[in-house]
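Taking mature numbering (1 follows the signal peptide of the UniProt record, and there is no 0), I'd label the letters of the sequence shown as residues -18 to -1, 1 to 176.
Positions of the beta carbon are idealized from the N, C-alpha and C atoms, including for glycine.
The structure presented is a predicted model; accordingly, all values stated were derived computationally and were not measured.
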Amino acid sequence: MRNTAACGIAVLTSLLLAGCGGPAAEEPQASETTTKTGQPTSENTGSPLPERTAPAKDFQLADVCDIVPENRWRALGADQEPEPNDGNGNHLCEYQKGKAGETGSWSVSLGKNQARGLHESIQAHPDGEEVSVAGYPAYKSETSVGCLYYVDVSDEASLLVSGVSSIGEDGSIPTKCDLFKKFATAAVENLPDT
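Below, the structure written as structure tokens:
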């Protein structure tokens, strides 16, 4: 059983998934844009990222924590058994190093982004940037407590990766975005093609 400090990471993860607190932004009205074929389409349909050319992935796993194989999560430094983490409408798996709140500890949750669509998720974090994860278009957003990745792996849903780090001895929160991207890569490589 994890100590009560685990609540700290859970709260930080909730803030990341909720868009860092505050009132939800009003949904902008759909506007017409033109596709590559010249056909108008709503901005709220499809992915706001570059077109995905890699095969679509399937989220059908026996257990949500099968998303990253044990040999990979151990090699990436997680030293706690992964645990399912249901929050904000998403069914994720949490991988962790150290106990919550300890210097050098971190937590990353991965799974199907079923709470909202990719376009809405990106709108909730407008200061992010387009990146690529294992050949798939993705969006990365850094916050004061961690990183979020949304990876366009299928038409059904995106892969959500939400990581937070503990406060270091100097009072700073070390950025672990590169580590969390490695978890995202491990998940994408492990998810079966549809």
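Of the residues A168, L161, E171, the one whose Cα lies closest to the Cα of S89 is L161.
Using a 10 angstroms sphere on the CB of N53, the tally of other CB atoms stays under 16, which defines it as exposed. Exclusion of the five residues before and after S123 leaves H107, G110, L130 as the residues of its chain whose Cβ lies within less than 6 Å of its Cβ. Under the three-state reduction of DSSP, N70 is assigned to coil, being neither helix nor strand. Note on geometry: alpha-carbon atoms of G117 and S154 lie some 32 Å from one another. DSSP places V170 in the uninterrupted alpha helix (DSSP H) bounded by 159 to 172. Within the segment 95 to 144, the runs of beta strand (DSSP E) that reach at least 3 residues and sit entirely inside it are, in chain order, 111 to 115, 118 to 124, 128 to 133.
When the Cα atoms are used, T176 and A57 turn out to be separated by approximately 27 Å. Straight-line spacing of the CA atoms in K79 and Q62 works out to 6 Å. The beta carbon of C47 sits closer than 8 Å to those of P64, E65, P66, C75, all from its chain and outside the five residues before and after it, given in chain order. Around the beta carbon of G86, a 10 Å sphere encloses fewer than 16 other beta carbons of the protein chains shown; the residue is thus reported as exposed. Taken atom to atom, the span from the alpha-carbon of A166 to that of I149 is near 23 Å. Scanning S147, E33, G59, D45 for the CA closest to the CA of K158 turns up S147. In this structure, G128 is the residue among P156, G128, D152 with its C-alpha nearest to the C-alpha of V143.
CA-to-CA, the gap between S136 and S126 works out to about 29 Å.
Around the beta-carbon of D45, fewer than 16 other beta-carbon atoms lie within 10 Å, marking it exposed.
Counting along the chain, the unbroken alpha helix (DSSP H) around A57 starts and ends at 52 to 57. When rounded, the separation of the alpha-carbon atoms in N70 and N172 is 24 Å.
Residue pairing by DSSP places V146 opposite S89, G128 in a beta bridge.
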